[in-house]
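Residue numbering for the sequence shown is 1 to 919, as defined by full-length UniProt numbering.
Ideal Cβ positions, reconstructed from N, Cα and C, are used throughout, including at glycine.
This one's a predicted model, so the numbers in the text were calculated from it and none came from an experiment.
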Amino acid sequence: MSFKKDEESGGISFYNNKTTVIQEARVFNESPISPRKCRALLTRIIYLLYVGETFSTQEATTLFFGVTKLFQHKDSALRQMVYLVIKELSTIAEDVIMVTSSIMKDMQANQEVIYRPNAIRALARIIDAQSVQSVERLFKSALVDRSSSISSASLVSSYHLFTLSPTIIKRWSNEAQEAVNAKAVSSGGGYSASSYLSGGSSAQGFQAVPSSSYIMQYHALGLLYVMREKDRMAITKLVQQLGAGGKASSVIRNPMAICMLIRFARKVMDEDPNVQKQMHEYLEGLLRHKSDMVNIEAARAICEMRNVSSTELFRPVAVLQLFLSSPKAILKFAAIKTLSKLAQTHPTAVAACNLDMENLITDSNRSIATYAITTLLKTGNEASVDRLMKQISSFMADITDEFKIIVVDAIRSLCLKFPAKQAVMLSFLSGVLRDEGGYDFKHAVVEAIFDMIRFIQDCREAALAHLCEFIEDCEFTKLSVRILHLLGIEGPKTRNPTKFIRYIYNRVVLENAVVRAAAVSSLAKFGVCVEDAAVMKSVNVLLRRCLDDIDDEVRDRAAMYIKVLEEKALADVFVREEATFSLAALESELVTYVKDDARHSSAFDIKSIPKVSRQQAAAEIAQSRPSALDSIQASSSKTPEPSPLPSSSAEAQSSYAAQLSAIPEFENYGPVLKSTSRPVELTESETEYGVTLVKHIFKDHVVFQFNVSNTIPDTVLEQVTVLMTPGPETGLTEDFIIPIDSLTAASGSGQVYVSFTRDDPASYAAGSFACTLRFVSKEVDPASGEPEEEGYQDEYQVEDCDLGAGDYITPTYVTFASEWDKLADATAITETFALSSSESLREACKSLIEVLGMEALGGTETPASNSIHTLNLSGIVAGGGGKVLARCRMTFAAGSGVTLELAVRAEKEEVGRLVMAAI
C-alpha cells in the first residue's frame, strides 16, 4: 500500500485520519472475519503509529482488544500483522496482560513455526516482572529449539526481559550456552538480524535468511554477556572458551557473533593485561577469517590496543591496506576510518598505506575521500604538503561542513608539524574562509588561523590581515568579537600596527552593538600598548566619537578607555595586566562565603582568590568545549574511564570542603582555607594496604585526611586509625582521631581524620610527622562470609609526611616585574643555599615549584641555559597571609650541584620565614 503526500493524493489524508481508522475498527467484529480488510486496517494503524500519531489510553485500549478478536482466524499473514499491532499498542493500552493466554497458545510446540517466533516476541512486550516466572518453561524450551527463528526470537526476547527480571533470566544461562553451541537446522527460512535487534516490531523485519547463518549464536552471546556483565572473570572465561580456546573457537560460525566476541576480547584486554598476549594471538588469527567484517573488526581491535607496538601493527595495517582497494565502498570506508584514527598515535605505521590512500582522494564517495586526505595530512612528509593542498582544494566544495571541519582540524595539526609550509596552508585557510559555510565550519577555520598566529610568529601579520578581510563581510557576531579581541592583543606587536586600526574602526561604524563594543576595547589596546604618542592621540579621537553611540555599552566602554588612556596606573590594571581570576576558584569561594553566615559580617576578600594567566584561562575553557573533530568521532572513540580525582584545584577544594562540612566534629572549625589538590602517596601501589594523605588548613586547626584501602579480600580491618608522631617544635597539639569502623576490600577506601590545633594561629606550623597505621585484623569465614569474632591488633608502618610552605600557599599568576616592584617596601629576605642533590637546573626548578607550591611565571620553569637561570614564583598564603613572590637565581656547576640565591618578598614577615624554612 502506498501513502503519498496530501497535495498529491487528495483524500489520502482523510483515509489515514485517526478518527476514521478508529471508526472502521468495527471490521474486527464482523463475522466471518475478512482477512484482507483487517490486514489493510492494521497497516493503517501501524502507519499512524510510525508517523508519530498519538492515541489516548482509551483509544489504544479499544483498538487493542478489537485486534485480539482476530486470534480466532488462522490466516498467517493476518496473524503477523496482529502481533505487530499488539506490540506497538501494548505500551499505551491498559490491561494488556489479559491477552497472555491467547499468545501462549501460539507458543506451544505443536503450533506452526511461523506463529511461534511472533508469539514469543509479542509476549515479551506484554508481560510484566511478576509474570516472567509463569512463562519461564515456555521460554527455556524455545531457547534451545531446533528452529533458528524460534531460538533467536526467544533469545532476543530474553535479552529485553533482563531489565525486568534479571534474577530469573540468569537461570537460563545453560540454555543460552546450548544455543551458542547448537547447529541450525533447515527450517524453511528464519528471520533477519535487524528484525531481532529491534524486537521484530517492523513490518519489514520478516525477511527470510538462510538457516545456515547461525544467527542464534549472535543473539545467545548478547544474552550471555548481559547475564555475566558484572563478573569480569566470567567474561574472560567466556572469551577464552569460545574465542581464544583453540578447537572451541570453531563453534562460533556467525560473523556478527565473532565480531561481538572480538569486542569482548578488547574489553578483557583493557581490564586484565595478563591475558593480553592470548587475546592478541586470537585477534591475529581472525585477520585470516573468510568474513570481511571479522577482518575489519579484528584489525580495529588490534589497532586500538593499549601500548600497541609497531611490530604488532604490521599485520592489521596490511589487512586494512588490502581493503583500501576493495570495490565495496563500505569496506573502503571502514578501513580508511580505522587507519585515520590510528594515524593520530602511530603515523609511521600508517605511512605504508600512503600510495593506496592517495588513490582514494578522487573516490566518488566524498566521505572516503575526506578520510583519505586527512589521514595523508597526518602521515605525509613536508615534501608532499604542496601536492596534498592542491588536491584538497579540488573537492572542498563537494563535501558537507561536517567533513570540512575534519579537514581543517587536520590542516591545523599539519601547520604546527611543518611550520615552514605555513604560507601554503594559510593561503588555503584564508581561501576557504571566504567560501560558503555554517558557523561551526567558519569557527574551525578561524581557530586554526589563531593557532598559527600563536605558534608560528612568521605568519602573524599575514594571518591578521586575512582575518581583517574576513570580518568585513562576517555574518557571525561571535566570530567577529573573537577576531577583534585577537587583533587587540596581537595587532600592537606587529611592525606596522596602525594598518589594523582602520579595519577595527569600520566595525564601530558598520556593525551591531555587540561588535561595536568589542571594537572599542580593541582600539583602546592599540592606544595603550603601541609606544607612539601619535597612535594614542588618534585612538583617543576615535574613542571620543564613540561617546555619541546609541548603545549604552559602547558609550560606557569608550568613556572608560578614554580615562584609561590618560592614566598609566589604570592602563596597567585594565589593559596590560596578563592575569585574570580563576573562575572555578572564584565560584567556589563565593559559594562558601554565601553559605557561611559567620563571614557575612566582613566583606568578601577578592585578594584571596588565586589568579591564572589568560592562556591558562583560555585552556580551561577549551577543555570544557570538545573540538568539532572530537564531537564527530565520539561515536567511534572509546569512552575514557572517569577520574577518581577532581579535574582542577578549585574543584578539589570545593569537593573537600563539602566532604568536611558533613562531619559534625569539624562544624566549629570554620571554612577550609586550603586543601592539597592531590593526595600524597604514603605507600607503594603493590602493598596490601594503600594510604594517601590530604592536608586541610583551617584558621586554628590542621586536619590530616588519610584515605586507607584494604586490598586483601579475605580480611576485614576494624577500628582503623593512624598514629601521628610530630617532630620537635611543629607548633601543633593533637585533638582527636576519627577512625574507620570497618574496612573490606570490596568497600573501597575509607577516611581517617587526625585533627591538630595550631598553637599560634598567627604563625605557620611546619614539620615532619611519623605515621603508623593501626587496626584490628579479622579473617573472613569463606563459608558464611562473616568475619571472626576475635581478631588481633596489628600495625603497618607508612612513610612520614611533612607540613610545609606548599600546604599554605596557593599558586597565583601575576606580572612578576610590576608586582615585585609593588612589594619593594614589604618584607624582603635573601639567603643562599647549596642544592647538592639537584643534578641539573631543570631538576632544581621542578623541586622548588613542588616544595613551595607556587606558580612559575613567564615560562621560567624551563631553563634556557644549562649553567645559569632565574625562576620567578608567585603565590597567595591562606588565612590572610597575602601575596608572596620568590626570585630564585641559580647556577649549576658539574660536581658541586646547584647554588641557589633565594630572594623572597611578602606582605607579612612570617610568610617570608615560612618560605625560607621550606628549602
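- C-alpha of Gln797 to C-alpha of Gly243: approximately 46 Å in a straight line.
- Secondary structure remark: continuous alpha helix (DSSP H) runs of at least 4 residues inside the stretch 807-869, in chain order: 816-822, 841-852.
- The stretch 329-339 and the stretch 290-299 touch, with three or more beta-carbon pairs separated by less than 8 Å.
- Counting of Cβ neighbours within 10 angstroms places Asp440 among the exposed residues, the total staying below 16.
- In the DSSP assignment, Asn707 falls within the beta strand (DSSP E) that extends over 701-710.
- DSSP lists Val754 as the beta-bridge partner residues of Ile737.
- Here Pro811 is buried, its C-beta having at least 16 other C-beta atoms within 10 Å.
- Beta-bridge analysis with DSSP links Gly875 to Pro811, Val884.
- Under DSSP, Lys778 forms a beta bridge with Val716.
- Contact check for Leu885 against Phe816 passes: the beta carbons are separated by less than 8 Å.
- Distance from the Cα of Ser749 is smallest, within the candidate group Thr757, Thr711, Ser763, for Thr711.
- Taking the Cα positions, Arg502 is about 19 Å away from Thr477.
- For Cys303, the enclosing alpha helix (DSSP H) stretches over residues 292-303.
- A straight line joining the alpha-carbon of Ser76 with that of Arg36 spans about 12 Å.
- For Gly897, the secondary structure class from DSSP, reduced to helix, strand or coil, is strand.
- By the Cβ-count criterion, Glu461 is buried, with 16 or more other Cβ atoms from all chains shown falling within 10 Å of its own Cβ.
- For Val508, the enclosing alpha helix (DSSP H) starts and ends at 498-510.
- Residues of the same chain with a CB within less than 6 Å of the CB of Leu221, apart from the 5 flanking positions on each side, are Ala257, Met260 in chain order.
- Taking C-beta atoms as the reference points, Asn181 and Val294 fail to come closer than 8 Å.
- With respect to the C-alpha of Gly66, the residue from Thr54, Lys74, Asp435, Glu24 having the closest C-alpha is Glu24.
- DSSP links Leu693 through a beta bridge to Val680, Phe706.
- For Leu914, the closest alpha carbon among the candidates Leu331, Arg495, Gly853 is that of Gly853.
- In the three-state scheme derived from DSSP, where H, G and I count as helix and E and B as strand, Lys611 is classed as strand.
- Residue nearest to Ser521 within the set Thr91, Ala534, Leu565, Phe581 is Leu565 (criterion: CA-CA distance).
- Look at the stretch 86-115 and you find these whole runs of alpha helix (DSSP H), each 4 residues long or longer: 100-106.
- The beta carbon of Leu377 lies closer than 6 Å to those of Ala410, Leu414 in the same chain, with the five residues before and after it left out.
- A contact is defined here as three or more CB-CB pairs under 8 Å, and the stretch 148-158 meets this definition with respect to the stretch 121-136.
- If the five residues before and after Leu542 are omitted, its C-beta is found closer than 8 Å to the C-beta atoms of Ile501, Tyr505, Val508, Leu523, all from its own chain and listed in chain order.
- Under the DSSP definition of a beta bridge, Thr891 partners with Ile868, Thr899.
- In the structure shown, Asp401 falls within a helical segment according to DSSP collapsed to helix, strand and coil.
- Taken atom to atom, the span from the alpha-carbon of Val432 to that of Val85 is near 52 Å.
- The C-beta distance from Lys908 to Thr827 rounds to 7 Å, short enough to meet the 8 Å contact threshold.
- Secondary structure remark: continuous beta strand (DSSP E) runs of at least 3 residues inside the stretch 433-500: none found.
- For Ala335, the enclosing alpha helix (DSSP H) covers residues 329-343.
- In the three-state reduction of the DSSP assignment, Lys674 falls in the strand class.
- With at least 16 other beta carbons inside 10 angstroms of its own, Lys674 counts as buried.
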